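The sequence shown: position 145 = 1640 (our numbering), numbered continuously. Think of the CB as a built atom: it goes at the ideal place given N, C-alpha and C, for glycine as much as any other residue. Computed from a predicted structure; not experimentally measured. Report on the structure given below.
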Amino acid sequence: MNVYFIKDQDFNSFVAKMMESKKVVGPVTKKSKFVFAALEAPEQLRLDYDVTILPPKKEFFPTCQSLMKFQGNHCEGCINPEEKIILGVHFYDVKAIDMTDLLFREKNEDWNYLANREAATIIASNIQNVSSRAFFASVGKEVTPKGHDAFLTKLKSGYLFETLTAKGENLVKFGKFESASDGQKQEARSVNDVPLKKCAEALKHSSKEIAGKVRKSFANESFWNEAAKDCFSCGSCNIVCPTCYCFDVQDDWNLDQASGMRTRYWDGCLTEDFACISLGAGAVENFREHRGERFRHRIMRKAAYLNEKLGGPACVGCGRCSSACTPNIADPVNVINKLMEA
Ligand code: SF4
Ligand code: SF4
């Protein structure tokens, strides 16, 4: 749509005006790390963050989400989206949101997710600092982020603000914007190239080559068992991942035994009981009983199974799983590069 510029001294007032209009969520500090949280003041915003503990997906797909209240035979849905602006989303997280948008929309549309998603305006921002475990420059290069409404780039004396949708353009009224010059647009292109050269980790092969080799390695049990031998089955690598979307549904009954709430909770395929199914009469079957099978399943999902549907791998290279894994075995770069050489 349009490309604007706003001076540094006018930026906080722009954020403050957006906050007067609706809830604004952005990266803020939490001890030595960063999280997406509702802003209470523009000064809290940390657009220089490297990566957040949890991805912004939690704004549409909360860790615990009420789905339905029931009372006898009567039930009532809990969809009640809140309009919000999510400010400062890095491009790899936009790519992950694009994936969950597609997956929650295909076949049976999931309006518990989609209503929240449609009520959100996303302002992406350039990566000012690169996380030490990120590899976003070498993964899914064929996939372009598209779900954001505007893109903000920090320049020397202010910010370039590119609007991509009507929702993004609608934010311009909150700030003292002027049209961006060709020089400012060129500066923004250079600024956005920098983080791509700063990732310390990199995949050595294309998504297509990796998908083919990963699929072929399914039966290589010794590789997967060795890769997973220190796994605690804690599920942290799933929980922090922006492209994971599995959930568990539970009915919580009130004491009257007639009413209650149906709720969904994030779930993760690395946990021991994830693949347990009831066979009836108290019997249970776990179809991914061993750590190696669960570890393999996660890498298959990230690097091979969903590629056709998503147009690329289901990993965006944020590096959150690598940082969250206590025995330091979850990093897809280490696993995949080793597998490619095997
Ligand atoms: S698998 Fe790891 S690096 Fe890839 S998107 Fe998930 S958390 Fe990020
Ligand atoms: S790979 Fe690491 S983070 Fe994932 S379940 Fe195993 S120990 Fe936990």
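- When DSSP states are grouped into helix, strand and coil, Asp1605 belongs to the coil group.
- In the DSSP assignment, Val1589 falls within the unbroken alpha helix (DSSP H) covering Phe1586 to Arg1600.
- Only residues of its own chain outside the window of five on either side were considered, and among them Phe1509, Lys1512, Met1513 and Ser1516 have a CB closer than 8 Å to the CB of Phe1669, listed in chain order.
- In the three-state scheme derived from DSSP, where H, G and I count as helix and E and B as strand, Cys1820 is classed as coil.
- The segment 1496-1510 makes contact with the segment 1645-1663; the number of CB pairs closer than 8 Å reaches 3 or more.
- Inter-residue distance for Glu1637 and Ser1702 is about 8 Å (C-alpha atoms, whole angstroms).
- Spanning the alpha carbons of Phe1555 and Leu1542 requires a straight line of approximately 21 Å.
- Taken in chain order, the whole alpha helix (DSSP H) runs of length 4 or more contained in the segment 1712-1743 are 1716-1722 and 1731-1734.
- Within the same chain, Cβ atoms closer than 7 Å to the Cβ of Asn1802 are found at Ser1702, Ala1706 and Pro1808, the five residues on either side in sequence being excluded.
- Within its own chain, the residues whose Cβ lies closer than 6 Å to the Cβ of Asp1588, once the five positions on either side in sequence are excluded, are Pro1550, Pro1551 and Pro1737, listed in chain order.
- In terms of Cβ geometry, Glu1682 and Leu1650 form a close pair [threshold 7 Å].
- Membership of Arg1783 in any alpha helix (DSSP H) is not indicated, and neither H nor E is assigned to it by DSSP.
- Excluding its 5 nearest sequence neighbours in each direction, Asp1743 has C-beta neighbours in its own chain below 6 Å: Tyr1760 and Asp1762, listed in chain order.
- For the segment 1630-1676, the continuous beta strand (DSSP E) assignments of 3+ residues that do not extend past its boundaries occur at 1645-1649 and 1653-1658, in sequence order.
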